[in-house]
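Read through the structure below, which is laid out as structure tokens, and then see the notes.
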Amino acid sequence: MAIHDPASDAMCWRVEAACLNAWPSSRQIILDGWLLRASGGPTRRLNSANPLHRDAAASKPLIEAVEAFYQSLGRTPIFRVPDISPPVDALLAERGYAADAHTQTLWADMADLPTQPNEGKETALIPHPDARWLAARDRLSGNDDAARLAYRETVAAILLPCGFAMACQAGDIKAVAYGALQGDLLIVESVVSDPAVRRQGFARQCLLSLFGWARAQGARAAALQVMADNLPALALYRGLGFTRDLYGYHYRIKRG
12 MAIHDPASDA MCWRVEAACL NAWPSSRQII LDGWLLRASG GPTRRLNSAN
62 PLHRDAAASK PLIEAVEAFY QSLGRTPIFR VPDISPPVDA LLAERGYAAD
112 AHTQTLWADM ADLPTQPNEG KETALIPHPD ARWLAARDRL SGNDDAARLA
162 YRETVAAILL PCGFAMACQA GDIKAVAYGA LQGDLLIVES VVSDPAVRRQ
212 GFARQCLLSL FGWARAQGAR AAALQVMADN LPALALYRGL GFTRDLYGYH
262 YRIKRG
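Structure below.
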């Protein structure tokens, strides 16, 4: 459901902009209030049209222009449609776009997030992803060559201050995550852990490391985006204090 309260709406768009900056595309253009991203690789977020504000164009000519852009690159047109976006969803449905993959955006005040306890796990936080961190992320995510390349281009394009966290067991990285700081807002990204040790606190420890780092940089709030059907991740985030659901988004993908 769209949020119409002006203050809440402004906060949602602030979070939306920070999330785009925390997961940037290496190739993109702006068209009529939409950010058209085209990094390549398998990730829809990096290869979709994204509205930049509520007053972005929402019309048949806009859809046709977006289609022409992606078709010129040999890619399927994809629209990412936040709940707070201009009224383009019905137009896309009429044009044969199928809805897919609902994601929630969660928010927490930094004061409500836990401080970092000593949980007996080896942790580290670095300002840039080194070869070991990237290799662990590839392994834990099961990335193929195209996904590995796209991911490296993405993190190399981040211009915000970042912290890249890892939690280890006997020197072996069991979970990773990173956070990007836009002003006083921390955006959490790329939380992934080894399936063999899930629910043993490794991902949680990565997040606690990021919270501690962000607090030291003056962060006052944190936000993240998570698939609505990822119940284990939702339980983790809710348990940490991400209890406010700001808005959701879904994709519209051209059939055929």
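Quick note: the sequence shown uses the numbering used here, first residue 12, plus one each step. Note that beta-carbon positions come from the ideal geometry of N, C-alpha and C, so glycine has one too.
query	result
Same chain only: Cβ atoms within 7 angstroms of ILE314, ignoring 5 sequence neighbours per side	The structure shown does not extend to residue 314, since the chain is modelled only from 12 through 267, so no value can be given for it.
As assigned by DSSP and simplified to three states, the class of GLY174	strand
Proximity to ALA244 [Cα-Cα], best of ASP155, SER204, TRP144	SER204
DSSP three-state assignment for GLN82, whether helix, strand or coil	helix
Same chain, Cβ closer than 7 angstroms to LEU102, five either side skipped, listed in chain order	ALA69, LYS71, ILE74
Beta-carbon proximity list for ALA214, same chain, < 6 angstroms, skipping 5 on both sides	ALA186, VAL202, SER204
Cβ shell of GLU27 (< 6 angstroms), same chain only, five flanking positions each side left out	none
Cβ-based burial, PHE253 [other Cβ within 10 Å; buried from 16]	buried
Proximity of HIS64 and GLY85 at Cβ, strictly below 8 angstroms	no
C-alpha gap between MET121 and SER37, whole angstroms	30 angstroms
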